[in-house]
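Okay, so here's the structure we're looking at.
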Amino acid sequence: MRQHGTWQGDGIYFGADYNPEQWPEQVWADDVALMRRAGVNLVSVGIFSWALLEPSPGRYEFDWLDRALDVLHAGGIHVDLATATASPPPWLAHRHPETLPRAVGGGVLWPGGRQAYCPSSPVFRERSLALVEAVADRYAEHPAVVMWHVSNELGCHNVHCYCDVSAEAFRGWLRERYGDLDRLNDAWGTAFWSQRYHDWAEINPPRSTLTIANPTQQLDFLRFSSDEQRAQLRAEREVLKRRVRQPVTTNFMIGMAKHMDYHSWTSDVDLVANDHYLMATDPYAHLGLSFAADQTRSVAGGDPWLLMEHSTSAVNWQPRNVAKTPGQLRRNSLTHVARGADGVLFFQWRASRAGAEKYHSALVPHAGPDTKVFDEVCRLGADLAALAEVRGSRVEAEVAILFDWEAWWGVELDSHPSVDVTYPDRMRALYDALWRAGVTADVVHPSADLSGYRLVLVPTLYLVRDADAEALHRYVAGGGTALVTYFSGIVDEHDHIRLGGYPGAFRELLGVRTEEFFPLLAGERVALDDGSTADVWTEWLHPVGAEVVASYEDGPLPGVPALTRHRVGDGTAWYLATRLDEAATDALVGRLITEAGVRPPAAAPTGVEVVRRRADDRSWLFVVNHTDAEATLDVTGTDLLTGQPCGGTLRVPAGEVAVVREEPAVSGAVPAGEPSPAAAA
Amino acid sequence: MRQHGTWQGDGIYFGADYNPEQWPEQVWADDVALMRRAGVNLVSVGIFSWALLEPSPGRYEFDWLDRALDVLHAGGIHVDLATATASPPPWLAHRHPETLPRAVGGGVLWPGGRQAYCPSSPVFRERSLALVEAVADRYAEHPAVVMWHVSNELGCHNVHCYCDVSAEAFRGWLRERYGDLDRLNDAWGTAFWSQRYHDWAEINPPRSTLTIANPTQQLDFLRFSSDEQRAQLRAEREVLKRRVRQPVTTNFMIGMAKHMDYHSWTSDVDLVANDHYLMATDPYAHLGLSFAADQTRSVAGGDPWLLMEHSTSAVNWQPRNVAKTPGQLRRNSLTHVARGADGVLFFQWRASRAGAEKYHSALVPHAGPDTKVFDEVCRLGADLAALAEVRGSRVEAEVAILFDWEAWWGVELDSHPSVDVTYPDRMRALYDALWRAGVTADVVHPSADLSGYRLVLVPTLYLVRDADAEALHRYVAGGGTALVTYFSGIVDEHDHIRLGGYPGAFRELLGVRTEEFFPLLAGERVALDDGSTADVWTEWLHPVGAEVVASYEDGPLPGVPALTRHRVGDGTAWYLATRLDEAATDALVGRLITEAGVRPPAAAPTGVEVVRRRADDRSWLFVVNHTDAEATLDVTGTDLLTGQPCGGTLRVPAGEVAVVREEPAVSGAVPAGEPSPAAAA
Amino acid sequence: MRQHGTWQGDGIYFGADYNPEQWPEQVWADDVALMRRAGVNLVSVGIFSWALLEPSPGRYEFDWLDRALDVLHAGGIHVDLATATASPPPWLAHRHPETLPRAVGGGVLWPGGRQAYCPSSPVFRERSLALVEAVADRYAEHPAVVMWHVSNELGCHNVHCYCDVSAEAFRGWLRERYGDLDRLNDAWGTAFWSQRYHDWAEINPPRSTLTIANPTQQLDFLRFSSDEQRAQLRAEREVLKRRVRQPVTTNFMIGMAKHMDYHSWTSDVDLVANDHYLMATDPYAHLGLSFAADQTRSVAGGDPWLLMEHSTSAVNWQPRNVAKTPGQLRRNSLTHVARGADGVLFFQWRASRAGAEKYHSALVPHAGPDTKVFDEVCRLGADLAALAEVRGSRVEAEVAILFDWEAWWGVELDSHPSVDVTYPDRMRALYDALWRAGVTADVVHPSADLSGYRLVLVPTLYLVRDADAEALHRYVAGGGTALVTYFSGIVDEHDHIRLGGYPGAFRELLGVRTEEFFPLLAGERVALDDGSTADVWTEWLHPVGAEVVASYEDGPLPGVPALTRHRVGDGTAWYLATRLDEAATDALVGRLITEAGVRPPAAAPTGVEVVRRRADDRSWLFVVNHTDAEATLDVTGTDLLTGQPCGGTLRVPAGEVAVVREEPAVSGAVPAGEPSPAAAA
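See below:
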């Protein structure tokens with residue numbers, strides 16, 4: 000996927016979305032002066048400029064953009080140039096109302112927000128590609144342009160369209176997938192509820208129904224919808240690739256978006272870029288940030304990636320948009336770098352005066368540059384400049400968490416045993432336990448090569464393909480350690496139950512057989528005989544070879560096993576059949592880490608995040624202190640942010656960050672001398 | 000209603016919905032073998048088979064069903080054969096989009112679930128009756144078929160359709176009901192808010208409005224909607240009756256469904272069949288089950304009825320689908336038999352691999368027959384076989400609860416004094432108090448003959464016809480005892496207030512006059528001078544002949560009566576003007592039982608359910624122990640389930656059930672020598 | 000605005016909506032007899048009579064109304080005659096379906112409720128004006144008619160219509176407002192998200208979008224919608240004014256309605272009339288009533304106004320419709336009079352038997368005249384008769400609260416920093432603190448002349464025009480005292496941020512500069528260093544000339560100022576940057592009252608409401624005792640309600656009301672000898 004010359008210049012990219020069209024041209028010069036003061040070296044331009052660039056069909060007006068790019072170039076600011084297709088101008092819907100998307104209930108969704116187009120619309124496709132051609136032709140050789148930015152957050156709002164155009168496209172996609180109707184009927188289980196199709200034309204998207212819609216129809220529609228968004232990316236990329244030499248990307252929303260299967264999109268970008276925002280109501284939002292960063296790196300195959308958007312402070316789209324406290328912007332940004340980002344950009348340069356996102360924070364707030372926010376922006380610019388040498392280095396992990404967007408879609412379909420079983424729930428519970436233990440993880444697709452990991456965690460992998468289940472078995476048999484949590488391995492790719500007892504695909508691996516699920520009521524809690532508690536889920540489980548580690552003391556299934564361990568070949572497979580409380584989850588993950596020989600990069604107090612990046616013969620230790628107290632670590636090297644050497648002991652004040660070039664470098668994720676990964680044994 | 004020969008064979012029916020089309024034909028032989036092992040003797044076949052039986056319009060494919068019925072017949076399994084009209088195939092909506100129902104807001108409701116047809120659609124009617132003809136012609140003489148099953152849960156999802164076809168049908172129904180527009184205008188009170196109609200064509204269903212919709216328009220639409228469902232039942236029955244000799248039924252949803260007035264449907268079936276499922280969030284779900292069973296028996300006029308569907312364990316359509324604990328399946332099933340069911344069937348035989356209901360429990364779970372569930376199924380089969388002699392016997396009750404679907408519709412219309420006044424609320428409160436007191440009740444329409452009852456309870460009978468109110472008065476005057484709760488007797492059948500003071504229709508009977516309602520705020524609670532508490536409702540009541548039994552101590556109406564008693568002729572009429580807490584409700588019902596001379600069939604600890612069935616010179620006592628402790632009762636006879644005699648003392652272990660053939664038999668609902676019912680006095 | 004002869008007869012108007020068409024004509028004579036018994040002298044007739052008056056297009060039937068008016072006139076009851084356009088008859092929608100409104104999602108909103116017409120419909124306009132003509136021509140000279148009542152609660156339900164007819168009207172309104180598209184594009188900030196319009200035809204109402212709709216488009220649509228309702232009022236008034244001599248009014252919904260900018264409507268009525276209902280869940284509902292009355296008086300420019308509707312007891316449209324306790328009806332009614340109403344009417348005379356509002360209380364309840372309600376009605380009639388001399392007197396206030404419907408619309412648009420910031424919240428918090436302090440306030444538009452006030456409170460004035468902000472500055476500089484609360488002065492009339500620091504328009508006045516908002520999470524609470532607490536909102540504020548009065552002790556901004564005071568010219572401007580708890584708000588308002596020299600009309604215990612009306616050389620003190628204890632006040636004069644003199648000490652029993660003609664009269668809002676208002680100094 001990666002091509003040479005992805006990064007221009009020497010160091011880490013730093014910048015923002017820049018929308019000069021929102022401001023009088025007199026402001027532009029100030030902008031560039033402030034960018035230089037802050038150390039900004041890359042801005043994304045033109046993302047929502049279609050309506051200005053093509054005010055009426057086929058009439059292009061590039062003059063203003065010419066001037067804007069020239070001003071930036073003169074100031075030494077690189078440009079990530081958008082294809083400008085993110086949101087069509089009002090004339091498109093006016094002239095072609097059939098391009099408007101429709102909601103599941105049939106209602107038209109109108110312009111006035113953004114992205115108001117049917118993703119399957121041939122009219123939209125044609126008009127948007129014409130624009131890409133025009134923009135690419137105009138700016139392919141512009142010296143400011145170092146990168147191309149396809150659309151924006153593809154699928155953020157319009158991923159599911161139920162209009163007739165989408166219906167026709169869905170039918171085409173299904174023909175491609177199934178070839179003949181019998182296979183579709185089998186896959187969708189249409190023998191149930193008299194749903195057998197006898198003509199492709201009878202099929203529709205899963206529009207509003209009187210009652211539960213066919214789950215496989217829903218699942219296939221989710222697949223189709225992700226593919227349609229990807230098709231726009233591929234089509235734009237193709238146009239660009241015939242015209243430009245710079246790398247092409249688009250901004251993913253890993254860590255936030257459910258409905259795009261980014262694993263299938265990585266081959267369509269020259270580098271992976273991601274947007275990430277904190278959720279104010281998540282008390283562990285900074286752990287969520289680390290998760291998103293680790294997952295983005297994993298989607299990028301371990302290559303450096305670009306943080307295309309985050310926020311300097313509050314956003315505008317949550318019910319209560321909490322501002323960042325002093326130092327938080329820096330910790331957030333450098334955590335992304337610690338976990339593999341070689342660029343840190345924001346939405347947006349200057350806070351808007353008008354429009355839907357005017358309360359979204361920016362690098363230059365409404366109050367101007369004499370602000371906490373701009374001060375922190377400048378400090379971050381200096382930090383990133385000091386980290387130039389880190390660029391291109393990589394993060395290595397001994398633990399993998401399996402993640403699959405299709406499994407997410409599957410597990411959250413309706414009419415399941417319990418609405419409390421959601422995909423992010425145990426995903427984050429296991430990740431957070433690793434984080435608190437100081438362990439870095441990759442977040443990989445079930446089909447990934449697991450051989451390099453000491454430990455593999457498998458939260459709620461409801462839907463799993465045979466091959467992937469078998470691969471996990473081989474991994475364990477080869478000496479690996481795995482933990483599978485409840486409601487995993489239940490169905491195949493058609494959402495068909497794997498019969499004979501749960502958790503179907505993993506029954507043999509785990510040495511258990513569950514005959515029946517016993518979900519708990521809201522607020523119901525059970526005790527285990529190891530002193531822990533659990534809620535949401537229990538099941539009637541029989542060990543079939545597995546050793547019982549803990550059982551229920553009360554609840555509907557007293558005495559029934561809740562946690563088991565199964566020796567398989569040279570490895571061990573654990574099964575957790577209930578939703579353990581946080582302390583018990585931490586304890587279990589701690590035990591697995593120890594037994595699997597996983598070691599964090601450095602010993603650090605809880606709440607101090609430590610990640611190592613490494614390149615050839617060098618290594619850097621990122622230390623982010625999220626606590627209220629100074630942290631002390633045993634590290635030898637030079638703190639790039641302060642320029643100070645640390646001779647064995649590093650002190651990181653509360654809320655601060657250090658990035659130490661380790662001297663000597665540490666080779667590998669864990670210090671030398673540690674046992675090597677299981678599969679390599 | 001009842002015809003001879005309704006039941007085939009000697010005993011209780013036992014079985015399930017069987018959907019062979021969901022499985023490869025190789026599985027069918029296993030199915031029959033397992034059915035025989037379990038003691039299954041009746042299965043419902045073909046309920047959702049339309050799309051397979053008529054893959055394209057007018058082309059029928061019966062071969063697979065021929066084979067399935069033959070396999071069942073060869074195994075000695077009887078068949079309840081569906082007309083297969085429950086859900087139309089996709090081609091119907093594709094070719095006739097006008098058959099699709101529309102929601103109140105105008106949105107189309109699409110195929111993909113089930114029952115996606117407009118109940119007033121002439122196209123649907125024509126196509127469905129053609130299918131019924133074809134199926135009946137094919138299988139009228141098939142030896143496996145012992146019963147016909149019209150459609151399935153008629154009106155479960157599509158009872159209210161607001162499309163133009165429905166609008167036209169609604170207008171026709173209104174013409175039929177009112178004859179001329181003046182009468183409709185009077186009934187609907189269209190002088191209010193400028194709603195007077197001057198042409199039938201101006202009338203529509205109560206589609207989405209800007210504000211409160213006309214209540215009588217809403218009420219008539221509910222009546223119309225129930226009638227339209229009934230019309231499908233009658234139409235299918237008529238086709239069947241010209242072709243087949245076996246009894247015809249359909250599965251009601253008494254105890255769960257609000258919108259079908261089953262009292263008006265009983266003449267359209269040869270035997271009453273019912274579906275019932277537990278609600279996981281109801282802590283008294285087993286009392287709800289008993290209520291549904293008693294009501295079903297009452298709808299059946301006291302004749303034996305068939306439990307057409309319940310579940311072996313969890314369902315799939317609740318937010319958290321709680322599994323049944325060991326023994327619960329048996330208690331549930333035998334409670335239905337205790338209360339008059341002569342057959343116990345389930346949805347469904349084998350848990351689906353795919354589709355919307357794959358997580359619904361079944362007789363054969365995903366994990367196969369080596370499971371708790373299948374073990375309990377087999378045990379139940381043996382139990383039911385042991386109960387063969389009970390078939391045809393009847394349950395008698397000394398207490399009646401009045402129930403009217405129209406009153407339910409009326410009381411839950413919008414813009415009423417308080418949203419907390421719902422129909423099931425006090426219905427279940429009174430029923431549950433009876434249950435806890437060990438007393439069996441009938442649940443009858445207000446027009447029923449009350450003369451045989453010692454006590455009549457009238458919860459929230461908001462809407463009541465003059466004749467029914469007068470009948471209650473006559474019942475009391477004749478020596479009966481009645482309890483009426485608040486917000487009863489308020490309106491006539493047009494939802495017109497009965498003027499002059501509440502509770503209009505019952506003012507004279509109760510000897511009170513209420514001038515104003517004083518509903519309470521959410522969470523507000525008042526104290527009564529008898530130590531009890533109440534919430535939701537109070538009213539400014541004046542005794543006009545009635546004796547005050549309890550009054551408010553605080554709240555908005557201190558000193559005002561809350562509970563009164565009025566001597567009328569030879570009887571007594573109580574009025575409860577507030578929502579008593581549970582303990583006080585139990586105490587009040589206990590007092591009424593005592594004063595009215597009602598006696599439970601046997602003394603038993605709380606939580607031990609005791610019901611008597613009787614036939615000619617025999618009687619059987621069903622004892623269901625819902626407690627955690629062994630229960631001891633004074634009974635003499637033989638426990639049919641164990642085959643053991645019990646000489647005066649019956650011990651029923653915690654969670655277990657006994658069915659004792661009483662020796663000697665007890666004649667009547669209560670032991671001989673007790674005072675006879677009021678009306679017979 | 001006011002014309003002579005607005006009030007007929009000698010005293011206060013007393014009456015109700017009267018809908019004779021709901022009752023047989025035999026009832027009418029009883030009605031008039033009861034009206035006379037109660038002292039009723041004015042009824043509103045014909046409000047929802049269109050369907051009866053014009054049963055088919057162009058065919059009018061006035062006979063019944065002739066008879067009704069004659070019966071009333073014969074009984075000496077005046078009539079406020081409706082134009083009868085409030086709700087069109089069913090034939091209008093049937094013949095002209097394009098007159099039906101559409102919801103934001105596109106769904107049609109059907110007849111069956113009321114007001115089911117698109118407010119921009121030319122067909123509706125034409126048909127309604129034809130009716131107004133016919134009614135006016137018929138009854139212009141009828142001796143019973145003393146007032147004309149245009150439509151009813153204009154915009155109550157149909158204020159926002161999104162149909163194509165409305166879209167076209169919206170475009171016309173925008174052309175009028177902006178002249179050319181460039182100005183509209185600038186105002187709406189369409190450079191953001193590619194929304195630039197190049198043709199008026201591309202513009203639509205803010206229909207359902209995929210994500211956040213353009214805020215200025217929303218704001219302009221709200222302005223347009225209010226204007227469209229006003230246009231109906233003006234059009235009907237114009238027809239009337241050419242035909243009738245009596246005063247013309249319509250019933251506003253001040254205190255309840257958000258979407259009509261009544262400040263712009265006052266010139267369209269000859270007297271201001273208002274409807275007000277209590278919200279059962281508001282524990283301070285009687286303060287809300289006072290607020291609505293004060294605001295209505297202010298909208299009327301201080302002239303006497305008419306309470307057109309309130310309720311004798313419960314309403315029917317809340318979830319739990321709480322009845323009024325004894326005495327509450329009187330307190331409510333006389334509070335309106337105290338605050339400037341010269342008439343007290345109700346919805347409605349006789350409680351309906353049928354229809355959507357049958358559970359709305361009335362003067363004659365379902366239970367008839369032998370009721371608490373009718374007794375209290377009669378007592379109120381006597382009270383109002385005793386107050387005849389008060390008519391035409393005025394209420395004067397030393398405190399003004401600024402209120403602007405546009406600011407309300409603006410602050411509650413979506414994607415703001417916190418959903419907890421609503422307009423009524425601090426409005427009522429400040430008003431309620433004044434109320435508890437016994438101080439009467441005007442509630443005036445920001446453009447009002449402030450020079451007569453000692454104190455001006457400015458809660459949450461998010462959107463403010465330059466001129467209004469400057470006027471407030473001049474007021475303070477001239478010696479006034481003002482308090483501004485958070486999220487004020489943020490945007491201009493286009494919803495564009497005032498750059499340079501918050502609170503933009505008031506930065507200089509307040510001597511502060513806020514660089515960033517720090518809203519709090521739900522339930523989060525912070526402490527201030529003066530012992531008070533706050534929630535919802537904090538901000539990073541820098542004093543720029545202001546003195547710090549209180550700062551945060553904890554939360555996200557410890558040490559940052561929360562309350563400041565700034566000396567400006569001869570006056571003082573306070574800024575409250577957080578949401579203080581109730582006690583602290585009371586204390587702050589108490590301090591402001593004292594410092595500004597505001598004095599309540601009389602010293603009274605908390606919960607005893609005291610308001611003075613004054614005319615020429617007379618004054619009346621209204622004392623409403625909302626407490627459970629007798630209240631004692633120092634007053635000399637005669638209680639008009641009892642006719643008793645009070646020589647220095649007035650005793651008002653718990654729950655009772657006194658209206659004392661002060662002897663000697665008190666001139667001005669405060670007793671003579673007090674310091675005069677700031678601006679007059």
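Residue numbers (numbering that gives the first Met the number 0), protein chains in the order written: chain A, 0 to 680; chain B, 0 to 680; chain C, 0 to 680.
A virtual CB, placed ideally from N, CA and C, is assigned to each residue, including glycine.
For clarity, every value in this text was computed on a predicted model and none was experimentally measured.
Exposure label - residue i; buried when at least 16 CB within 10 Å
{"i": "Val-26/C", "result": "exposed"}
Any C-beta of chain C under 8 Å from that of residue i
{"i": "Gly-112/A", "result": "yes"}
{"i": "Ala-322/A", "result": "yes"}
Distance cut-off 7 Å: residue i Cβ against heavy atoms of the ligand MN
{"i": "Gly-178/A", "result": "Among the components modelled here there is no ligand, and therefore nothing to report on the ligand MN."}
Identified DSSP bridge partners for residue i
{"i": "Arg-338/C", "result": "Answer is none; Arg-338/C lacks a bridge partner."}
{"i": "Asp-42/B", "result": "The question names Asp, but residue 42/B in the sequence shown is Val. Note: Val-42/B sits in a beta bridge opposite Ala-15/B, Val-78/B."}
is_contact[residue i, chain B] using C-beta, thresh 8 Å
{"i": "Gly-300/C", "result": "no"}
{"i": "Pro-674/A", "result": "With a pLDDT of only 43 at Pro-674/A, under 50, the local geometry of the prediction cannot be trusted, and the value read off the model is given with reservation. It does not; no Cβ of chain B falls within 8 Å."}
Proximity test, Cβ basis, 8 Å: residue i and chain A
{"i": "Arg-319/B", "result": "yes"}
Mind pulling the alpha helix (DSSP H) runs of 4 or more residues that sit fully within the region 574-652 of chain B?
-> Within the region 574-652 of chain B, the complete alpha helix (DSSP H) runs of at least 4 residues are 581-595.
Quick one: complete beta strand (DSSP E) runs, 3+ long, within the region 134-199 of chain A?
-> As far as the region 134-199 of chain A is concerned, its whole beta strand (DSSP E) runs of at least 3 residues are 144-148.
With 9 Å as the C-beta to C-beta threshold (strictly closer), list the residues of the region 10-24 of chain A near chain C in chain order.
-> Asn-18, Glu-20, Gln-21, Trp-22
Minimum length 3: unbroken beta strand (DSSP E) runs contained in the region 235-290 of chain A | 272-274
Residues, ordered as in the chain, of the region 462-487 of chain C that lie near chain A by beta-carbon distance below 8 Å = none
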